[in-house]
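Q: Sending over a structure as structure tokens; questions will come in a sec.
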Amino acid sequence: MRNQPPSYCNIDKFVTRIHKESVKQTRHVDIEARAEARERLVILDISGFTVTDADAGSKDFIVGVSWRFPGLRLDADSVRSPICQRRAAADGSKVQQTLHLMDYERLHKGEWFNDRLIHFWRVWLQHGPTYDRKEIDFYDSLLFQKYSLETIGFDSMRTNLNPFDKKMVLIIMNTGGAHWNLVVLLNLDVLRMKRGGVPRTSHPRCPACLSLTV
Amino acid sequence: MPCMLVLDSLRTFSSGKLEHDRIVAWLHRLEPTFDITPAMIPMFLPPVLQQIDSNSCGPLSILNAYCMIRLHKQAFTYEYAGVNLEGECLERCGEPFEDMVNTSLEFAYSLHDVDRILGEMRCIIHELSTKQRQAQS
């Protein structure tokens with residue numbers, strides 16, 4: 001027990017640390033690209049958190065979460081002002097998921113999270129280095145509601161869902177419009193295997209018995 | 215062991231029942247050929263940290279999600295859950311998944327962490343906004 005870190009160590013800076021780690025994982029790219037990635041991530045390498053919330057002007061902006069970057073979906077380039085959003089809409093370019101910084105107010109003690117905040121932090125966690133897309137699925141209440149209630153086009157939607165190929169499915173659900181909790185489905189892939197189905201992955205696990213004798 | 219955990223920071227006697235029904239119905243709709251019943255996916259309520267106010271459920275849900283993501287390499291076996299094949303608690307164990315919540319390093323957090331995490335979230339949003347304004351000016 002002596003070597004066990006204090007209780008807060010493991011999750012200390014949990015939001016920022018996961019993206020710090022994602023910088024380390026960009027070693028395979030060239031120096032310029034790494035420098036660029038660092039430049040983008042400099043805002044995430046903060047550790048003091050002494051920023052005050054007095055800057056009310058910042059609430060006029062919108063943080064856009066772009067789906068186009070495979071490694072890092074949330075960066076300075078994806079932050080757009082409402083004007084940029086309108087321009088983008090006028091140009092016909094696709095505006096991706098957005099979080100209004102009015103929601104920023106809800107990140108204070110005594111406030112409740114809304115759907116957009118939950119959605120935002122879900123996307124954020126999905127892009128941390130510990131998140132394994134092959135093994136984990138993650139839905140929030142909006143997405144789950146859409147998938148569970150949608151009737152038109154459900155079949156086509158179903159092809160994009162593969163919870164039965166996952167070891168872990170996380171769903172953040174809202175109960176009675178007043179309370180958030182987390183539902184975790186574990187080992188759903190076992191159900192598919194029991195039914196003799198082949199996992200819809202490119203590398204299905206092969207049941208085998210190996211005898212390694214020397 | 216296929217199962218469903220409800221990590222509820224405000225547990226009541228009816229916690230998870232509604233979610234269990236909804237999710238089993240959803241899974242059945244996704245794969246009708248599996249004939250999924252509630253018994254095939256037993257529900258457990260791990261004794262996660264309980265909130266003492268009315269509004270920490272949002273950050274605690276995010277935090278629990280983060281803890282579970284970090285635990286995803288774990289083999290979630292019957293033994294790990296502390297239950298037998300019928301889903302009943304083993305004698306040596308307390309509640310199902312109690313060990314996971316109480317002894318794993320991934321779940322080592324306290325209510326003091328909620329404020330800190332909210333601060334970090336605000337800081338990130340704030341910094342992103344500031345960066346954008348610098349880029350525009």
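Protein sequence lines, in the order shown, are assigned to chains A and B. Reminder that position 74 of the first sequence reads as 74 in the working numbering, one-by-one numbering, no gaps. One rule links them: number in the working numbering = place in the second sequence (from 1) + 214. Note that beta-carbon positions come from the ideal geometry of N, C-alpha and C, so glycine has one too.
Report yes or no: is there a C-beta of chain A within less than 7 Å of the C-beta of residue 271 of chain B?
A: yes
Q: Would residue 310 of chain B and residue 296 of chain B be called neighbours here (beta carbons separated by less than 7 Å)?
A: Their beta carbons are under 7 Å apart, which means residue 310 of chain B touches residue 296 of chain B by this criterion.
Q: If you check the beta carbons only, do residue 144 of chain A and residue 170 of chain A fall under 7 Å apart?
A: no
Q: Relative to the C-alpha of residue 270 of chain B, which candidate in B/332, B/228, B/240, B/239 has its C-alpha closest?
A: B/332
Q: Tell me, please, whether the CB atom of residue 190 of chain A is closer than 7 Å to any CB atom in chain B?
A: A Cβ of chain B is located within less than 7 Å of the beta carbon of residue 190 of chain A.
Q: Using beta carbons (cut-off 7 Å, strictly below), is residue 130 of chain A in contact with chain B?
A: Yes, its Cβ sits closer than 7 Å to a Cβ of chain B.
Q: Mind checking if residue 235 of chain B is an interface residue toward chain A, Cβ cutoff 7 Å exclusive?
A: no
Q: Report yes or no: do the region 229-245 of chain B and the region 275-282 of chain B share at least 3 C-beta pairs separated by less than 8 Å?
A: no
Q: Using beta-carbon positions only, say whether residue 223 of chain B and residue 288 of chain B come within less than 7 Å of one another.
A: no
Q: Consult DSSP for residue 157 of chain A and reduce its assignment to one of helix, strand or coil.
A: helix
Q: For residue 216 of chain B, go through chain A and note every residue whose CB falls closer than 7 Å to its CB, in chain order.
A: 186, 187, 188, 190, 191
Q: How many angstroms separate the CA atom of residue 106 of chain A from the CA atom of residue 336 of chain B?
A: Cα to Cα, the separation comes out at about 9 Å.
Q: Is there contact between the region 313-331 of chain B and the region 117-132 of chain A, where contact requires at least three CB pairs shorter than 8 Å?
A: no
Q: In terms of DSSP beta bridges, what is residue 185 of chain A paired with?
A: A/169, B/218
Q: Straight-line CA distance for residue 298 of chain B to residue 104 of chain A?
A: 45 Å
Q: So is residue 10 of chain A in contact with chain B if we call contact Cβ pairs under 7 Å?
A: No answer about residue 10 of chain A holds up, because its pLDDT of 33 lies below 50 and its placement is not dependable.
Q: In terms of residue numbering, what span does the alpha helix (DSSP H) encompassing residue 120 of chain A cover?
A: 115-126
Q: Between which two residues does the beta strand (DSSP E) containing residue 139 of chain A stretch?
A: 136-139
Q: May I have the straight-line CA-CA distance separating residue 254 of chain B from residue 325 of chain B, to the nearest angstrom?
A: 34 Å
Q: Quick check: residue 174 of chain A and residue 141 of chain A, are their CB atoms within less than 7 Å of each other?
A: yes
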